[in-house]
Structure formats: C-alpha cells, structure tokens
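**Student:**
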Amino acid sequence: MAPLKLLVLLAPLFLQSSSTTTAVPPPSWGSHRCITGERDALLSFKAGITDPGHYLSSWQGEDCCQWKGVRCSNRTSHVVELRLNSLHEVRTSIGFGGGELNSTLLTLPHLMHLDLRVNDFNGARIPEFIGGLNNLLYLYLYGANFSGLVPPNLGNLSKLIHLDLNSMSNYGSVYSTDLAWLSRLTKLQYVDISGVNLSTAVNWVHVVNKLSSLVTLNLRFCELQNVIPSPLNANLTLLEQLDLYGNKFSSSLGAKNLFWDLPNLRYFDMGVSGLQGSIPDEVGNMTSIIMLHLHDNKLTGTIPATFRNLCKLEELWLSTNNINGPVAVLFERLPARKNLQELLLYENNLTGSLPDQLGHLSNLTTLDISNNMLSGEIPTGISALTMLTELLLSFNSLEGSDFPEWLRSQNSVYVLDISNTGITGSLPHWFWITFSKTQHLVLSNNQISGMLPPRMFRRMEAETMDFSNNILVGPMPELPRNLWSLDLSRNNLTGPLSSYLGAPLLTVLIIFENSLSGKIPNSFCRWKKLEFLDLSGNLLRGTLPNCGVQSNTGKLPDNNSSRVNQLKVLNLNGNNLFGEFPLFLQKCQNLLLLDLGHNQFYGNLPTWIGEKLPTLAFLSLRSNFFSGHIPPQIANLTELQYLDIACNNMSGSIPESFKKLRGMTLSPADNDSLSYYGSNSEGIDEIDLDVFPNTLPVITKGQQLEYLTGIMYMVNFDLSCNSLTGQVPAEISKLVALKSLNLSYNLLSGIIPNSIGELHALESLDLSDNEFSGEIPASLSFLTSLSHLNLSYNNLTGKVPSGYQLQTLDDQPSIYIGNPGLCGPPLSKSCSETNASPADTMEHDNGSEGGFFLLAVSSGYVTGLWTIFCAILFKKEWRVVCFSFSDFLFDWIYVRVVMCWASLARKRRAVTLSGSI
C-alpha cells in the first residue's frame, strides 16, 4: 500500500512537469530534429551510390533522423549511427555509382557507428576518408566487396573498439603489407580481418600483443606463414577468442608460444593451419579453454597428460591428423570432469580397443572415431552416453556380431554412422523404434541381412539413409515421407518396383547392383526434386515413363505434369530397358551425366540433344541398337567431356562440327562439370556422408577400368564398333584434352591425319579394324603421354615411325599386325625388302608367273588322279585289271629286291674271306 500512496502524492508533480515540458519553445534550428548540414551530407552520400532495391527510399523530407538506417543522438540531434547493413529483406545491396564513396560523411563529426556490411561496392578500394571519422567506435565493412590495400590511416581511429574488415566473400582481394596501423588502435576489443592477405606481415604477433583490451581476434585465411613468433611478455590477458583457422604456418606449436600465456582464452581454433609435430605439455596452461580446434593438421603422437587440466573443455576437435597410439591412453588423459560435449577424432591412426571409461563422458553429444584402426568389441559402457546426438564409428576393424544391443538406449541420436563395423544378422524390431526419429542413418558395408519391414520403414523420419553393401533381400518398400536421400546399392533386393514409392522430397535414389525387375513406375515422374538416380545393374525392363510427353508428336508437357526436371545424374546402365531415346529428358536441362549403356534402346539419336541438354558432360549410349547418323548438333554440348556411342548401328561419317566440343579442349582442372558426380557429398552438421558411391566403367587402353572420383578427370571419345565411313576429320586435333580416342571396328578409310600428333594429353589411341591406308603419321611419336596404341588390321604401308614413347609401348608387334605393307622395327619385316629395284620387281613378277604355272600343273595332276579313282570305283572290270596288275607288279618288285639282296650278301662274304687269307 505504501508505494500506491506515494504514487498518489507524486501524481500532481508529474502533471506539473508535463505541462512545463510542453511549454518549452522549440530549438532555434527549426521544428525538425535533423541538423541541416548533416542532412545535406547524407543526401550527397546517397547521390554517389546505387540503390537498386530502393532501400534508401525513405531518405526524403526534412527530418533525416527518421530515415531508415540513420540514428541521431537524443540529446544533441547529431547523426551518430549509419547502419546500411544486411539488406537481405530487399534481396539486393547498395554499391558505388562510380568513382569513390562520397567523402561528405566527414561532415558527420559525431558519427560513432558506420555499418556497410553485406553490400557490393564492386571491388573498389576501402575509402581513405574513413580514417578521418575521429569519433568512430564501430566500423563494419564485412562482405562489402572491397579490394586493394587497407588504408593505413585507419590507424587514426584512436577511439575505435570494434573493427570488422572480414573479406572472406572475396578472399584475398584485400591486403595489408604490415599491421603497424593496427598497433595504434589501443582501445580495440574486437578485431576481425579474416580473408585479408597478410602474407608479408611477419610481425603480426607483436602488433596484436600491444592491444591489451582485445577480447576477440579473428584472422582466418589471412595467409599467415612460417613460424609463430612469440613476444617476451603476453599483454593479451583479456583475450577470450582467437581464430587462426586456414593459415599456412607449417610449424609446430612449440613449448614457448603466445597461446599458452593467455589466461582467459576460451575459444581457440587453429584447424587447417599446417601444424606439425606433437602437442606440447604447455597446452595444460589453457585452464579457461572451452573450445579447442586443432583438426586437419599434421599433428602426431597422442595428447599430453596435462590435458587433464582443461576442466572446462566442451569441444575437442583433433580429426584428420596423424594422432596415434592406443585410444585407451587418449581417453585416460581427457579431463575428469564431465563437461566434454563434442569429441572428434576421425581420420587418425588410433589403435586398440575402446575403453570402458568411454561411458563416463556422460554429457557427450557428438562422438566421431571413424576412419581409425580400432579393433575389438564396442564396450557396453557406451550405452551410458544417453545424451548422444551424433555417433560415428565407421571404417575401423571393430569386431562385429549380431546387431549391438547397446544401441537400444541411444534414442536421442540425430546422426548414426556404424558403417563397416562388422555387424551381422537382421535389424531387430527395436531398431526401427529407437531410431524412428533419427535424421541420418548410415549402416553401409556390414553383413546386415533380412528384409526391410514395410510398415516400420515407411514411418521413419530420416532424411538420409544408407544401407548399401549389405545382404538385404526382398522387395523395396514404400519410402519414408521426409526422405531425400536413399542408398540401397549392392544388396540382394528383388521383385518389381512398387507403383507408388512415396518420398515426395526425394533428391537422391541409389539402388544399383541389385536384382530389381519390372518396369520403372510412373511415380518416378512425380519426384519434382529428384537430382540423382542410379538404377544401373538391375533387371529392369520395358520402356521408360514418358512423364507426360506425347510419344507420337514429341510435345512437351507443362511444368505441372512433368516434375522430374531437376535431374543432374541419370544412370540406367546394364538393364533390359528398350524404346527410343527418352523424350522426357528434354525437360532435364540441368542434366550432367546420362548413362543408358548396355540396354536395348533403338532408333535415331534426336537432334535436340545439343539444344535441350546444355550442361551435359557425360553421355554413354554404349551397347544399344541406336542407328542412323550421329547428329552434328551434339557438338553444341559445350560441356561434354565424355562421349561413348560404341557398339551400336551408327552409320555415316564423323561430324566435323565435333571440333566445337569445348569440354574436350579444356583440361579437367578448368572444366569441373563432372565434379558433381565425382566429389560431391552432402555435409550434415559438418559430417560428410558420401552419397554418390557408384563407379563408372570406362573402356580405355584395351580394357575396362572403373572410375569414381577420377571420372571428372576423364576426357573420352569412343565411337568404336559401329559402321562409320569416310575419313577422320583433321579438326579432331582441336580436342587437345582428349585422354582416350577409340574409333576401332568401323569402316573408316583414308589416311590417319598427321594433326593427330597434337593431342598431347592422349593416353590411349585405338584405330584398329578399319580401312585406313597410307603411312603412319610420324607425329604419333610426339604423344608423350601415350601408353596404349592399336593400329592393327588396316591397310597401312611404309615404315613404322620411331620415337622414345612408341618404343615404350607393350607388345609392340601386335600394335601393327594385319598391315602387310608395314615394315621396320618392331616388325620382323625389313624395309629394304619392300624398297626393291625395277629389275627385282620384274624378277618378282616372273616368279609370280612361275608360281601360277606350278599351281595349274598341280591342279591338273590332282584332277587326273581323281578321274582315274572314280572310274575304278564304278567299273568292276577296271578294278579287276587294276588290282591284278598291282599284284603282279608287287610280286615282281619283291622278287627282284630279294635276288639283289642275296647277290650282295654273297659278294660281301667273298671279300671278307679273301681279306682273312
């Protein structure tokens, strides 16, 4: 009641004060709060910039203090803040209209806060006049697309406490040769110059050590190099956050270092910084540390025993190093207190079995020990980690058994990766209940068997699921509603695909190398977000869904009736599908990879391929029944770097327009079209899950090779096993990035173009089984990358060219077999035999005539014998006379031989007797 009485007593005073206030006359400068000179300065500033989103449309009228982004002092009416940052609401940004930013802002002497973040100043230099805003406390230029040298006169802003020059959005465009100007800003508490090139600022540690008020220092990706110098005395006693991520120190942390003498340091990040050697014992001095990130370096050994002193530690990232030794020792040296929440140790060389004390880290939410060399069984104590949301144990040598019972308690897990952990047997009933709300499930590379339960599988809330490389059987059930990525490849799934598969948000579907049969259902056309589909290596048959395309007219559907238009990868290789080239692909203008190989598709290739598939980089139609001419419009596929139309019924000539295939003229480093297939993975809370695991078979170098990520570097041109005629266009030499060229088993004729020697990247060349004539181009010896060559079974003549690279090829004689006109090493035929004189040629011709004479005589002799034989066979009298004569002749010869033999014997005995006498 007392406060209420006091309020009643004071009410008249409040009323009197209010009336007194209204009676005060207005300021002398008018009825508006804005000072005229400062309003004019703002209007002049507006006139010098572009404003496509009309963000500054409120900048009109007399009172500039009411304008958007402007704040004035309530006491003096001077402009004190200018906030033109983060203009996301209008999806645009302000920028320079040309020249430099208008320096009229200098007429705002009381300006304390200047914020130009997230704008586009088109790479202009940071205005030097900013250094004249002497009362500035806060300066934000983050992501404003400035470039050039940081003005050293920013060091004149002696009152500045917050400096944000973060240039990560145009990394490396802004630079500073040294940081001497920074040392004059002694009141700074926050500094972020990430992305500014400081490669020449060798004294950066000594400079920042003078900023004794500093609390936050961010120097990410600043090109800081070599060793980290250490000052004699550390003055950064207030520093709480130090971020040196992404620099190039290439040195050890060292026992004497600035970092160990920062008593209040709580957040320390030196990931991807080239650190080497072991972690020193002095790390134990960081008793205030909460977050310690040393990942993606070259650290060795194990953590020191002094790690036990880091009692406040919540995040420890040591992943992707060379940390080695028993994992039990590492866990033993972790802080005894239970504050640790994130522990990332993946991609190291830890050995041994996981210890039982693992379960003591009861507050752990993220545990990733994947990709090490762990062995033994997973301890049951891990079931005590009930706070886990991310658990990854994949790619170790852990001993498996039936599905681990300890997982039953992990019903809060958001990411579960237990791939390659030796798990056997079927998934228990409780698995589908415990992990029904888990968003990302990875159980690949195990021996999990059984069927996927249709009802429980459909009720899962997962977004990504990977059960690849197991021994699952049965049909593929209806998919969960929230699912966007599913990998069931390399299992034993059978039966037809359901007419309705669900998952309206599906983006990635990978089911290659199973035994699925039947047709691809029409529901495929309703996956409007589908980008990646791999059904290769199954038993699918029939035609593809037309997705609303009228097959008789080829008329395209509207966007509502055909939603499967986001496809980037379509792999149907190795099935029994048939029909003409799929017309619905005309809607897939983002398609990068198309593989219809080893099916039964037929008909002509459509000319619209070059127009409707502008991003296509990989096209394989191998081993089908396509016919007709190769459309020259394929040359319009400027991104195409892999073309395989081998083993079809194509005819006609090779289009000369193929010289315009730009993707085959650029090195793969400059043309990254296939990088989506080869290297793309989906980041899930900084955990990479590979979603594109299939390999692509490539026929090159006389064999079939399997490519995964390497496919992005493969530039291939294969038209073999067709009925192509005519000559090879000389313009093919413009495809200088080609690594494999195969035109074998065609009817190509004429000479091999000499310009083929300009394909310096070529590793495999096969022109065998054609009708090429003339000499082998000597320019082949210039192909220094060539490791496979086949010119066999043509009509080539002349001397085989020499050259070091050609002499290094394997099985050289087989390269030229079937070309009788070739001579010289490595062939046994000498070129001197073929370069004969005219007399030798005439003698050779006479010899040829003698050969024909002998052939005629032999033929007549054989014919006469057969005539006599047939007469004896059918005339009995002739047979009697013939055989009687042969018997008489045989007896006569026998008697004569015996008599001669006896006469010779008598003469030998007589000679012997006379000799003895």
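In case it helps, mature numbering (1 follows the signal peptide of the UniProt record, and there is no 0) puts the sequence shown at residues -23 to -1, 1 to 894. Even glycine gets a Cβ: it sits at the ideal position worked out from N, Cα and C. None of these values were measured; they are calculated from a predicted model.
If you draw a straight line from the C-alpha of Leu510 to the C-alpha of Asp464, how long is it?
**Tutor:** Their backbone Cα atoms lie some 10 Å apart in a straight line.
**Student:** Would you decide whether Leu126 is buried or exposed? Buried here means 16 or more other CB atoms lie within 10 Å of its CB.
**Tutor:** With fewer than 16 Cβ atoms within 10 Å of its Cβ, Leu126 is classed as exposed.
**Student:** According to DSSP, which residues form a beta bridge with Tyr579?
**Tutor:** In the DSSP output, where bridge partners are listed per residue, Tyr579 has Phe602.
**Student:** Measure the CB-CB distance between Pro452 and Leu478 and report whether it falls below 8 Å.
**Tutor:** No; because the gap between Cβ atoms is not below 8 Å, this pair is not in contact.
**Student:** If you draw a straight line from the C-alpha of Phe412 to the C-alpha of Met437, how long is it?
**Tutor:** The straight-line gap from Cα to Cα measures roughly 8 Å.
**Student:** The beta strand (DSSP E) spanning Asp97 covers which residue range?
**Tutor:** Neither: Asp97 is in no beta strand (DSSP E) and is coded neither H nor E.
**Student:** For the candidate residues Ser500, Cys502, Leu470, Phe501, whose alpha-carbon lies nearest to that of Glu490?
**Tutor:** Among Ser500, Cys502, Leu470, Phe501, the Cα nearest to that of Glu490 belongs to Leu470.
**Student:** Mind reading off the beta-carbon distance from Leu88 to Val47? Whole number of angstroms is fine, and I expect it under 8 Å.
**Tutor:** Not confirmed; about 10 Å, so no contact.
**Student:** Under 8 Å between the Cβ atoms of Leu235 and Ser207?
**Tutor:** A contact, by the Cβ cut-off of 8 Å.
**Student:** When burial is assigned at 16 or more other CB atoms within 10 Å of the CB, is Val1 buried or exposed?
**Tutor:** Caution is warranted here: a pLDDT of 33 is assigned to Val1, below 50, making its placement in the model unreliable, and no coordinate value can be reported.
**Student:** With DSSP as the reference, identify every bridge partner of Asn195, one or two as the case may be.
**Tutor:** Looking at the DSSP assignment, Asn195 forms a beta bridge with Asp169, Asp220.
**Student:** Would you identify the three-state DSSP class for Phe22, choosing helix, strand or coil?
**Tutor:** If DSSP states are grouped into helix, strand and coil, Phe22 belongs with the helices.
**Student:** For the alpha helix (DSSP H) containing Pro790, list its first residue and its last residue.
**Tutor:** Its alpha helix (DSSP H) spans residues 789 to 793.
**Student:** Tell whether a beta-carbon distance below 8 Å holds between Gly108 and Asn143.
**Tutor:** No, the pair does not count as a contact, with Cβ atoms beyond the cut-off.
**Student:** Tell me the DSSP secondary structure of Trp878 in three-state form.
**Tutor:** Reduced to three states, the DSSP call for Trp878 is helix.
**Student:** Distance, Cα to Cα, Val874 vs Cys859?
**Tutor:** Each residue's Cα considered, the two are about 22 Å apart.
**Student:** Which full runs of the beta strand (DSSP E) of 3+ residues lie inside the stretch 741 to 802, going along the chain?
**Tutor:** Fully enclosed beta strand (DSSP E) runs of 3 or longer: 741 to 743, 748 to 751, 765 to 767, 772 to 776, 798 to 800.
**Student:** Do Leu269 and Phe308 have their C-beta atoms within less than 8 Å of each other?
**Tutor:** Cβ atoms of Leu269 and Phe308: not closer than 8 Å.
**Student:** Reducing DSSP to helix, strand and coil, say where Asp443 ends up.
**Tutor:** Asp443 falls in the strand class under three-state DSSP.
**Student:** Check each candidate in Asn553, Met433, Lys506 and name the one with the smallest Cα separation from Leu512.
**Tutor:** Selected option, being the one with the closest Cα: Asn553.
**Student:** Just the C-alpha distance for Phe380 and Ser360, rounded to the nearest angstrom, thanks.
**Tutor:** Looking at the two C-alpha atoms, the distance is approximately 14 Å.
**Student:** Can the beta-carbon of Leu763 be found less than 8 Å from the beta-carbon of Asn796?
**Tutor:** No. Outside cutoff.
**Student:** Using only CA atoms, which one of Val184, Asn771, Glu752, Gln784 lies nearest to His765?
**Tutor:** Of Val184, Asn771, Glu752, Gln784, the residue nearest in Cα terms is Gln784.
**Student:** Around the C-beta of Ser250, are 16 or more other C-beta atoms found within 10 angstroms, so that it is buried, or is it exposed?
**Tutor:** Per the 10 Å Cβ criterion, buried.
**Student:** Below 8 Å between beta carbons: does that hold for Lys589 and Gln618?
**Tutor:** Not in contact: Lys589 and Gln618 (Cβ atoms no closer than 8 Å).
**Student:** Below 7 Å CB to CB, which residues in the same chain sit around Ile792 once its five sequence neighbours on both sides are set aside?
**Tutor:** Once the five neighbours on either side are set aside, the close Cβ partners of Ile792 are Leu766, Asn767, Leu768, Ser769, Leu786.
**Student:** Give the single residue among Pro454, Leu19, Gly399, Ser35 whose Cα lies nearest to the Cα of Asn79.
**Tutor:** With distances taken between Cα atoms, Asn79 lies closest to Leu19.
**Student:** Over what stretch of residues does the beta strand (DSSP E) that includes Met268 continue unbroken?
**Tutor:** Unbroken beta strand (DSSP E) run through Met268: 268 to 270.
**Student:** Would you report the Cα separation of Glu120 and Val151, rounded to the nearest angstrom?
**Tutor:** The amino acid occupying residue 120 in the given sequence is Gly; Glu does not appear at that position. Approximately 11 Å, taken between the alpha carbons.
**Student:** Could you give the distance in angstroms between the alpha-carbon of Asn723 and the alpha-carbon of Leu507?
**Tutor:** Approximately 38 Å, taken between the alpha carbons.
**Student:** With DSSP collapsed to three states, give me the class of Asp379.
**Tutor:** Asp379 falls in the coil class under three-state DSSP.
**Student:** To the nearest angstrom, report how far apart Leu59 and Leu91 are at their CA atoms.
**Tutor:** Their Cα atoms are separated by approximately 5 Å.
**Student:** Would you report the Cα separation of Asp238 and Ser153, rounded to the nearest angstrom?
**Tutor:** The alpha-carbon atoms of Asp238 and Ser153 are separated by roughly 27 Å.
**Student:** Would you mind listing the beta strand (DSSP E) stretches within the stretch 135 to 165 that are 3+ residues and don't spill past its ends, in chain order?
**Tutor:** Here the runs fully enclosed are 139 to 141.
**Student:** In the DSSP output, what is Cys49 paired with across the bridge?
**Tutor:** Cys49 is bridged to Val56.
**Student:** Please confirm whether Leu276 and Leu252 have their CB atoms less than 8 Å apart.
**Tutor:** In contact: Leu276 and Leu252 (Cβ atoms closer than 8 Å).
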